[in-house]
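This note's numbering puts the sequence shown at residues 23 to 141. For every residue, glycine included, the Cβ atom is placed at its ideal position computed from N, Cα and C. Note that the coordinates shown come from a computational prediction; the quantities given were computed from them, not determined experimentally. Step one of this worksheet: look at the structure below.
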Amino acid sequence: MTTQEVADRLYELCSQNQYEQAQQELYAEDATSTELNMGTGAVDSVTGMEAIREKGKTFRGMTEEMHGGYINPPSVFGNNIFLEMGMDVTMKNMPRMEMKEMCHYAVKDGKIISERFYY
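If you want it as structure tokens, here you go:
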């Protein structure tokens, strides 16, 4: 797959809230995921699909209610995909909030090799 094809499929799946399917189809087995830990302020990074899936499971476990969200179409620059996502969410033990993030994905050999989220 080209980077544009990966971007188009990622957008299609994420628009349908099929994040796990996107990971299964589009990610390299040794992909990395990096983002700011909102609790500690530290940058957290995990490597490998098992760790990425566990990270998603942890996030879903912290979510009390998802009220809505959006994803904007991706922009592709070379082997990089950028897209904006947002969600209206209530996390456990926290007030309802709107979160907005810029997502960066690097692609190599037709697979996502890294994702990084900026809040």
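Opposite residue i in the DSSP bridges: which residues?
i: Glu34; result: Its beta-bridge partners do not exist; DSSP assigns none.
i: Phe99; result: Asn102
i: Glu86; result: The partner list for Glu86 (beta bridge, DSSP) is empty, contrary to what the question assumes.
i: Thr14; result: Given a span of 23 to 141 for the chain in the structure shown, any question on residue 14 remains unanswerable.
How is the beta strand (DSSP E) around residue i delimited, first residue to last?
i: Tyr127; result: 118-130
i: Tyr140; result: 133-140
i: Ala53; result: 49-58
Taking 6 Å as the limit between beta carbons, can you name the residues of its chain near residue i, skipping five residues before and five after?
i: Val129; result: Thr25, Val28, Asn101
i: Ser97; result: Phe104
i: Leu35; result: Gln43, Ala44
Is the Cβ-Cβ distance between residue i and residue j less than 8 Å?
i: Ala44; j: Leu32; result: yes
i: Gly83; j: Asp110; result: no
Suppose the cutoff is 7 Å on Cβ atoms and the five residues either side in sequence are ignored; what does the same chain contact list for residue i look like?
i: Asn94; result: Leu105, Glu106
Run the CB neighbour count on residue i, radius 10 Å, all protein chains shown included, and call it buried at 16 or more, exposed below.
i: Ser55; result: buried
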